[in-house]
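Asks: Every position in the sequence shown, counted from 1, becomes a number in the numbering used here once 2 is added. Note that beta-carbon positions come from the ideal geometry of N, C-alpha and C, so glycine has one too.
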Amino acid sequence: MISQNNKYVNSLLINVERSPGFYIWVSFLVALIFFGGYALLMSLIHSMEILEFSTNIPWEMMVSNYVFLVGSSIGLCIVSSLGHVFGLERYKLIGKRGTFLALIAIIFGLSSIGLHLGHPERGAIYNLLSPNFRSAMWWMGSLYPPYIVFISVWFWLLARTDLSIIAGESTGVKAKIYRLLALERLRPYLNQRFHFEKLETWIYRRLPLERMGLSLDADGADLRWARIIGVLALAFGLMAYTLEGSLFAHTEARPFWYGALFPIDFFLGASFCGFAWLLSLEIITYKVKGQKIPEHLRELFFEMAELLALLLSFGFLFTTYKMGHGLFEPAKAKTIMLFLQGPFSLAFWVFEIAIGLIMPIFILLYAAKKKKMAGVLVASVMVLVGYFVKRYDFIVASQVYPVIKKDLTSFTPVFMEVLLVAGIIGGFLLSYTLGDKFLPLKEGRFRQTK
């Protein structure tokens, strides 16, 4: 019995590095999840007060982490769509990893806000029973579920062929698992039941795909459907995240949030994160595995680094305009001064501007010119750190000035809240680590299926 169990375990662990570094990394992430779970359990036993969700600043680190991860998911979806939606062949190489990261980022992002709400199921129930079509929050909550469905199907369509190949090359439990993931037994029934070829023709006739450069070409059936589903995932993701920016932009009681600029700011930030996550995790994955990055992939990474530098330049100009314009609005000027020379000035000037925008621009351009992959990695991580701090400052600093006149509110994240956020980030990174080990995310020449 023991030998049989060992056989099953070994069949599942094929291609998994048994190096000490891998297990140390996984153990570290599991520890983060454990401590996050402990903080969550204590909040359920002793109430949410241990996370110090005060009435003065009700939206805190959990909300900023939610905005950060959801924005990362939309950005990853945008970058992934460059290949499989807009037809840039070289970007198809990163499609599977990008869509998988987008999927787990949105799941853990929504988990962050769900744990903050306490009873997220009530939102789902009343979202259906008493819809408010004039509410940005209602539309946002209604668009994220189909986005998750579309991004899941998109990833499956890109990975299905490789899952089938792995199933065919494996034996025992591993073969059964991968055959189940590929839905091999279900596909003939679905093709016979739903007539996908007729559905493709119907979609092609009614949507202006060819004018948009999205026509169904000679790719295999999975790739043609990946393009259709990718369009839907991108559309729902952009609408949902733009509405999330509108949710803040419609909050007239908080002058710093109020206005038409933040939906644009959210879109720019999502683009930063999409490129930064893919570049950093791609490079780290190859380095940890001790594998050489293929030359065609290196060229793509340097091109992405230049695009990220361009987007960061736009972001810097936009931030300059946003802050400068706000100084001439008395209601916003007080909050903006918290960033420029107040308690948030260190986070703003050092993390948001220096680490998150200016320094990465020069490092990325230098690294792309000199072909230094380490520079691309460092700059990408700096962008992620800067954007995380940016979203934290955006959420918290806007609530420092109370709606009812009283002394200014101060806020520092409590240890329990930090543990909970760390647990969520740890879950996201562990999901990626396990996905990289057990799912066909590796870049390669794209396989076509008829």
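(1) Among the candidates A184, L280, I153, L90, whose CA atom is the shortest distance from the CA of D164?
(2) Just how far apart, CA to CA, sit H86 and F70?
(3) Under the three-state reduction of DSSP, which class applies to P257: helix, strand or coil?
(4) Across the region 421-429 and the region 100-120, are there enough close Cβ pairs to call them in contact, namely three or more that are closer than 8 Å?
(5) Give me the residue from I76, S400, H252 with the minimum Cα distance to Y243.
(6) Can you tell me whether DSSP reads Q293 as helix, strand or coil?
(7) S400 and W259 look like a contact to me (Cβ under 8 Å); what is the Cβ gap, rounded to whole Å?
(8) With distance defined between alpha-carbon atoms, name the residue in L283, L441, G261 nearest to M325.
(9) Would you give the residue range spanned by the alpha helix (DSSP H) that K373 belongs to?
(10) Using 10 angstroms around the beta-carbon of P60, count the other beta-carbons present and answer buried if the total reaches 16, otherwise exposed.
(11) Mapping DSSP to helix, strand and coil, what is N129?
(12) Among A356, G425, S347, E301, which one has its Cα closest to the Cα of A369?
(13) So is P362 buried or exposed if we call it buried at 16+ other beta carbons inside 10 Å?
(14) Quick check on P122: does DSSP put it in helix, strand or coil?
(15) Using only CA atoms, which one of A161, R181, Y149, L160 lies nearest to G170?
(16) What does the Cβ neighbour count give for R136, buried or exposed, with the cut at 16 atoms within 10 Å?
(17) Is P415 helix, strand or coil by DSSP?
(18) Quick check: does the Cβ of A235 come within less than 7 Å of any heavy atom belonging to the ligand GTP?
(19) Does the Cβ of E354 have 16 or more other Cβ atoms within 10 Å, making it buried, or fewer, making it exposed?
(20) Under a Cβ-count criterion, where at least 16 other Cβ atoms within 10 Å of its own Cβ denotes burial, should R124 be classed as buried or exposed?
(21) I'd like to know whether the C-beta atoms of I286 and L379 end up nearer to each other than 8 Å.
(22) Measure the Cβ-Cβ separation of P102 and L441 and say whether it is below 8 Å.
(23) Below 7 Å CB to CB, which residues in the same chain sit around I35 once its five sequence neighbours on both sides are set aside?
(24) Distance check for K374 and A356, CA to CA, integer angstroms please.
(25) Let's test the definition: count the other Cβ atoms within 10 Å of the Cβ of T322 and tell me whether it reaches 16, buried, or not, exposed.
(26) Less than 8 Å between the beta carbons of G154 and L78, yes or no?
(27) Hey, which unbroken runs of the alpha helix (DSSP H) at 4 residues or more fall wholly within the region 264-352?
(28) Spatial neighbours of R256 within its chain, please: CB distance less than 6 Å, with the 5 preceding and 5 following residues excluded, ordered by chain position.
(29) Closest by CA to G143, which one among G100, L443, V72, V175?
(30) Measure the C-alpha to C-alpha separation of F250 and T173 and round it to an integer number of angstroms.
(31) Enumerate in chain order the residues of its own chain whose CB-to-CB distance from V32 is below 6 Å, with the five nearest sequence positions on each side excluded.
(32) Answer yes or no: do L281 and A311 have a C-beta to C-beta separation smaller than 8 Å?
(33) Among residues of its own chain, excluding the 5 on either side of G247, which ones have a beta-carbon nearer than 6 Å to its beta-carbon?
(34) State buried or exposed for L342, treating a residue as buried only when at least 16 other CB atoms are found within 10 Å of its CB.
(35) Taking 8 Å as the limit between beta carbons, can you name the residues of its chain near G317, skipping five residues before and five after?
(36) Can you list, in chain order, the residues of its chain with a C-beta nearer than 8 Å to that of Y434? Leave out the 5 residues immediately preceding and following it.
Replies: Considering the structure as presented:
(1) A184
(2) 25 Å
(3) coil
(4) yes
(5) I76
(6) coil
(7) 5 Å
(8) G261
(9) Taken as a continuous stretch (DSSP letters only), K373 belongs to no alpha helix (DSSP H), as it is neither H nor E.
(10) exposed
(11) helix
(12) E301
(13) buried
(14) helix
(15) R181
(16) exposed
(17) coil
(18) Looking for the ligand GTP in the displayed structure turns up nothing, as the structure carries no ligands at all.
(19) buried
(20) exposed
(21) yes
(22) The amino acid occupying residue 102 in the given sequence is Phe; Pro does not appear at that position. For F102 and L441, yes; Cβs fall inside 8 Å.
(23) G425, G428, G429, L432
(24) 21 Å
(25) exposed
(26) Reading off the sequence, residue 154 comes out as Ser, not Gly. Their beta carbons are not under 8 Å apart, which means S154 does not touch L78 by this criterion.
(27) 264-291, 297-329, 332-343
(28) S400
(29) V72
(30) 52 Å
(31) none
(32) no
(33) F264, P265, F268
(34) exposed
(35) L270, G271, F274, L359
(36) F102, L103, I106, L283
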